[in-house]
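> A single structure is presented below for examination.
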Amino acid sequence: MKSRRMTRRGLLTTAAGAALLLGFGKVSAQESRPVWMPFDGFPPADSMAEGLQFLTPDEARTVGAIVERLIPADALSPSGKDAGCVDFIDRQLSGPYGVFSGQYREGPFQDGTPMQGDQSPLDARQRYRLGLAALDGWCRANAQAAFADLPEDRRDAILADLETGKITLDGIPAELFFEQVLANTMEGFFADPIHGGNKDMVSWRMLGFPGARYDYLDSLDIAGTPLRLDPIGLKGGPSWSADWVPPSAPARKG
Amino acid sequence: MRRLPKKDIVIVGLGWAGSIVARQLAETGLDILCLERGPWRDTARDFNISTVTDELRFDKRQALMVQPAQAGITVRNTVSETALPMRQWGSFHPGNGVGGAGLHWAGITWRFTPEIFRQRSHLVERYGESAIPAELTVQDWGLTYDELEPHYDAFDKLAGVSGRAGNLKGEIREGGNPFEGPRQNDYPLPPMVQTHGPKLFAKAAAELGYHPFPSPSALPSEPYTNSLGLKMGPCTYCGFCTNYGCANYSKASALICVVPWLLLQPNIEIRVNSEVVRIEKDGTGRRATGVVYLDGAGEELFQPADLVAVCGFQLENVRLMLLSGVGQPYDPATGTGVTGRNYAYQTPNSVTGFFENVAFNPFIGSGAAGGALDDLNNDNFDHAGLGFFGGGSTRVIPIGGAPISQRHVPSGTPRWGAKWKEETTRWYQATMSVGCEASSFSTPGNYLSLDPTYKDRIGRPLLRMTFDWPENDRRMSQHVVSKCTDIVRAMGAKHWEPAPIKGAWNTSPYQSSHVVGGFVMGADPSTSATNKYLQSWDVPNLFVVGAQAFPQNPGYNPTGTVCALAGWAGAAIRDLYLKSPGPLAPT
Ligand SMILES: Cc1cc2nc3c(=O)[nH]c(=O)nc-3n(C[C@H](O)[C@H](O)[C@H](O)COP(=O)(O)OP(=O)(O)OC[C@H]3O[C@@H](n4cnc5c(N)ncnc54)[C@H](O)[C@@H]3O)c2cc1C
Ligand code: SF4
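Written as structure tokens, this is what we have:
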């Protein structure tokens with residue numbers, strides 16, 4: 001062993017020939033990760049858990065009143081609220097994303113140029129907690145009711161003013177709060193239903209997105225017409241149930 | 255600090271570059287240790303087909319990327335600004351774990367053309383010294399295409415690259431890229447299937463007199479057994495490719511194309527969750543004695559070695575050199591120093607077309623299958639009088655239709671509400687973009703350094719990036735985007751939205767992970783940090799392998815060249831350095 005090491009060292013400091021030592025030594029791919037758990041990379045925290053995990057019932061009501069205006073119900077789809085965006089947001093806030101885990105969170109925090117990105121010291125939980133309270137405060141002072149109790153058109157007008165910063169909220173920039181809620185609402189509406197939103201894959205049906213299917217080799221030559229496939233998600237899909245009817249097939253009788 | 259038993263060679267980082275260097279050195283029989291900062295990865299467990307199609311987890315929450323809390327950077331556009339941390343990844347997406355960014359990459363696999371390696375000489379010969387804008391620090395690479403060609407060829411066979419040769423041993427072939435350098439062999443696999451959008455693109459481009467060809471792709475078009483005997487499955491166009499791992503053993507990566515072979519080599523050891531924090535040098539400062547790394551439990555360990563190869567991706571490679579005092583740090587005020595000098599990026603350009611009466615089925619997609627043309631790239635068109643140099647590879651590559659991100663609506667559409675929903679649904683099936691990944695020239699003001707304020711979790715300064723688009727590249731962007739607009743129009747779009755670069759570099763939206771330079775290769779130690787073998791001029795037993803070696807960026811994705819350079823550097827260590835340790839090129 002000793003002499004072999006010295007020979008090897010010699011290879012790097014003198015001009016001795018290489019490849020003499022093939023076949024010695026041992027493989028050791030060290031593995032120091034804990035045992036496997038579903039979603040261990042970044043778990044969809046508690047997405048299966050019942051009940052609110054982070055939001056208070058009042059906060060959840062306000063979030064619902066926002067997301068059903070960001071994504072209103074119409075012939076194309078149910079509302080963001082009915083699609084589960086409140087559950088989605090609540091689960092996200094209660095998990096690692098809620099504290100922006102993994103992001104660089106060291107100070108000093110200071111405003112940068114518009115090109116330097118989001119520099120707010122507030123994490124996602126704080127943005128909701130402060131923003132929802134401030135929104136209700138603003139509504140009570142200016143519209144004599146909580147946001148969730150205002151009529152749809154009034155809520156739309158307030159949301160539009162948050163988006164453009166026409167309204168000033170206490171403790172958090174209105175645009176920051178609005179962008180946070182808008183981004184999470186869209187995530188919840190379009191993400192796989194395993195995260196709590198996009199119930200019954202409503203957004204995927206709306207768009208014609210087939211979801212978690214992994215193989216389109218049979219459809220590569222489709223020439224400009226929509227491929228109509230029932231969507232499937234990480235938890236399955238309607239085609240797994242006994243009374244499923246393929247979308248292109250005529251309805252089964254009786 | 256605990257001192258571990260000595261190794262002959264330590265390789266830092268086990269992505270594309272590190273795995274190829276290890277492969278080149280394996281047969282020397284030397285004791286080789288690969289240190290990888292991130293976790294072990296395995297297709298069956300980490301990219302399982304029943305969990306991998308999760309857009310929220312992989313695309314939005316960036317599950318495969320190194321976390322900024324571990325390896326963040328600070329950014330600013332000019333020296334007069336205070337750099338601030340990129341608190342979450344935006345413009346680029348660095349990787350982590352065995353396979354690196356080469357796990358969640360897209361697989362578009364180019365060779366650079368011969369002229370690129372002689373960038374300055376070429377421009378001077380054709381346009382004259384005085385035509386080169388003063389703002390550009392354009393320079394030659396110090397090596398030639400012909401020297402690198404065998405290693406491009408080897409990478410084609412390692413990764414199972416699909417495509418059609420346009421220049422086979424000097425013979426120009428119909429249907430391939432007529433502008434590419436001569437190849438000694440065709441691609442190992444035929445091109446990928448062209449779906450409807452790329453077909454429209456190819457037809458329109460040909461009508462306009464361009465030379466379209468299928469984009470070269472490291473996603474195999476057929477089952478493939480690579481040069482190390484490892485098997486890959488055919489790509490199924492799953493549409494969860496860029497930013498995801500592949501469940502099919504299709505997308506080429508170190509994980510499936512090299513590491514299983516490395517594990518069979520008795521003299522190679524891989525340690526994961528092992529982050530190298532600096533290179534140690536002896537008293538002369540001219541010899542690396544090994545590396546200091548943190549193991550999974552956070553213990554600092556000294557790993558002695560006779561030779562160190564740093565392969566930790568461009569950003570980390572430059573940062574480790576700055577932190578370890580290798581090469582003189584670049585000073586933009588004086589233009590002296592090489593470590594951090596000539597940082598460049600990739601200029602992103604696109605034109606989105608909105609079509610009527612067509613469904614593109616955008617979810618049928620992959621990172622690299624589609625159509626391309628090179629007529630707008632390099633010096634393939636005459637630049638005399640245009641006021642800029644450079645250009646880009648133009649392509650239509652539908653990458654997938656996962657809808658948190660992949661929803662195009664005409665600008666001016668509300669971002670929420672009933673109208674937003676109507677427009678989103680209307681256009682989901684009916685948009686197709688022509689993109690142009692274009693060149694990025696280096697300038698004296700764009701550079702990398704250590705941040706004076708922001709520190710990582712163990713108190714080391716973050717890397718600081720100072721970057722804005724050079725005037726040359728802004729003009730180039732206007733030019734290529736106007737040409738791409740003609741193509742989109744000829745494809746039959748009813749409405750189109752050109753997106754040339756505008757304003758200062760915005761650090762937030764994803765643009766590309768094609769960050770280059772900062773520790774560049776060359777023939778002159780006053781303007782390069784390594785010689786043409788990627789060997790540090792100052793510390794000859796230190797090799798630094800990755801895109802940080804590019805003196806400027808041409809209009810192509812980098813990885814084909816990163817991997818060819820890794821093969822080249824590994825061969826140089828094996829065939830030259832080990833026979834006669836010391837500087838391989840005269841200073
Ligand atoms: C979304 C995306 C799409 C892309 N698409 C394309 C494409 O289509 N075509 C193309 O050509 N390129 C593409 N790229 C770029 C491509 O991924 C990189 O060029 C390539 O991975 C670089 O190889 P590398 O070995 O230098 O770095 P990596 O593959 O990132 O490997 C570096 C490894 O080193 C490890 N490491 C880093 N620092 C340390 C340390 N201090 N100690 C120990 N280990 C360390 C990292 O964890 C990583 O595993 C894409 C990248 C991204 C992110
Ligand atoms: S598109 Fe192909 S290569 Fe990419 S992840 Fe899907 S199957 Fe793998």
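Line by line, the protein sequences give chains A and B. Taking the numbering used here, the leading residue of the first sequence gets 1, the next gets one more, and so forth. Taking the numbering used here, the leading residue of the second sequence gets 255, the next gets one more, and so forth. Idealized CB from N, CA, C, for every residue including glycine.
Tell me whether F854/B, by its Cβ, gets closer than 7 angstroms to a heavy atom of ligand 2.
Outside the displayed span of chain B (255 to 841) sits residue 854/B, for which this structure offers no information.
> CA-CA distance, A385/B and V378/B?
8 angstroms
> Classify V513/B: buried if its beta carbon has 16 or more other beta carbons within 10 angstroms, exposed otherwise.
buried
> Does any residue of chain A bring its CB to less than 8 angstroms from the CB of L613/B?
Note on residue identity: the sequence assigns Ala, not Leu, to residue 613/B. It does; some Cβ of chain A falls within 8 angstroms.
> From L70/A to P616/B, what distance separates their C-alpha atoms?
The C-alpha of P616/B is placed about 25 angstroms away from the C-alpha of L70/A.
> Between I481/B and the rest of its own chain, which residues show a CB-CB distance below 8 angstroms, the 5 nearest in sequence each way excluded?
The identity of residue 481/B in the sequence shown is Ser, whereas the question assumes Ile. Within the same chain, Cβ atoms closer than 8 angstroms to the Cβ of S481/B are found at A408, K411 and L412, the five residues on either side in sequence being excluded.
> From the beta carbon of K314/B, is the nearest beta carbon of chain A less than 8 angstroms away?
Chain A contact via Cβ: present.
> At a Cβ cut of 8 angstroms, what residues of the region 106-122 of chain A count as close to chain B, listed as they run along the chain?
E106, P108, Q110, G112, T113, P114, M115, Q116, G117, D118 and Q119
> Is Y491/B close to ligand 2? I mean its beta-carbon at under 7 angstroms from any heavy atom of the ligand.
Yes.
> Under the criterion of a Cβ to heavy atom distance below 7 angstroms, does C495/B qualify as lining ligand 2?
yes
> So is P652/B buried or exposed if we call it buried at 16+ other beta carbons inside 10 Å?
buried
> Counting only the same chain and skipping the five closest in sequence on each side, list residues whose C-beta sits under 8 angstroms from that of S219/A.
L227
> Could you tell me which chain B residues have their CB closer than 7 angstroms to the CB of A191/A, listed as they occur along the chain?
E309, L310 and I658
> Quick one: give me the first and last residue of the alpha helix (DSSP H) that Y371/B is part of.
Sequence inspection shows Phe at residue 371/B; the Tyr mentioned does not correspond to that position. Run containing F371/B: P368 to F371, per the alpha helix (DSSP H) assignment.
> Between the alpha carbons of R140/A and T164/A, how many angstroms are there, rounded?
20 angstroms
> Taking CB distances under 8 angstroms as the criterion, tell me whether S203/A reaches chain B.
yes
> For H749/B, which of helix, strand or coil comes out of DSSP?
Note: H749/B maps to strand in three-state DSSP.
> Anyone know if the C-beta pair for R669/B and W515/B falls short of 8 angstroms?
no
> Any idea what DSSP makes of D243/A, helix, strand or coil?
coil
> Using a Cβ-Cβ cut-off of 6 angstroms (strictly less than) and excluding sequence neighbours within five positions of S345/B, which residues of its own chain qualify?
T761 and Q765
> If we define contact as Cβ-Cβ less than 8 angstroms, is G544/B a contact residue for chain A?
no
> When you check each C-beta in the region 146-171 of chain A against every C-beta of chain B, which residues fall closer than 8 angstroms?
D156, L159 and E163
> In chain order, what residues of the same chain lie with their CB nearer than 6 angstroms to the CB of Q519/B, ignoring the 5 residues before and after it?
A280
> CB-CB under 6 angstroms to L289/B, same chain, minus the five flanking residues each way: which ones, in chain order?
V266, R525, S528, V530 and Y547
> Quick one: what's V770/B bridged to in DSSP?
Per the DSSP secondary-structure output, V770/B pairs in a beta bridge with A598/B.
> Please report how far the alpha carbon of R619/B lies from the alpha carbon of F567/B, in whole angstroms.
Sequence check: residue 619/B is Gly here, not Arg. Taking the straight line joining both Cα atoms gives about 27 angstroms.
> Tell me whether the beta-carbon of V650/B lies closer than 8 angstroms to the beta-carbon of G624/B.
yes
> Below 7 angstroms, is the gap between the Cβ of P767/B and the nearest heavy atom of ligand 1?
Pro is not the amino acid found at residue 767/B; the sequence shown has Ser there. Yes, the beta carbon of S767/B sits closer than 7 angstroms to at least one heavy atom of ligand 1.
> According to DSSP, is Y214/A helix, strand or coil?
coil
> For L135/A, which residues from the same chain have a beta carbon less than 6 angstroms from its beta carbon, with the 5 sequence-adjacent residues on both sides left out?
F147
> Whole angstroms is fine: what's the gap from G117/A's alpha carbon to D829/B's?
47 angstroms
> Assuming the contact rule is C-beta atoms closer than 8 angstroms, P805/B and W359/B should be a hit. Round their C-beta distance to whole Å, please.
P805/B to W359/B, Cβ: 23 angstroms. No contact.
> Along the alpha helix (DSSP H) that carries G326/B, what are the first and last residues, could you check?
Segment: none, G326/B is in no alpha helix (DSSP H) and carries neither H nor E.
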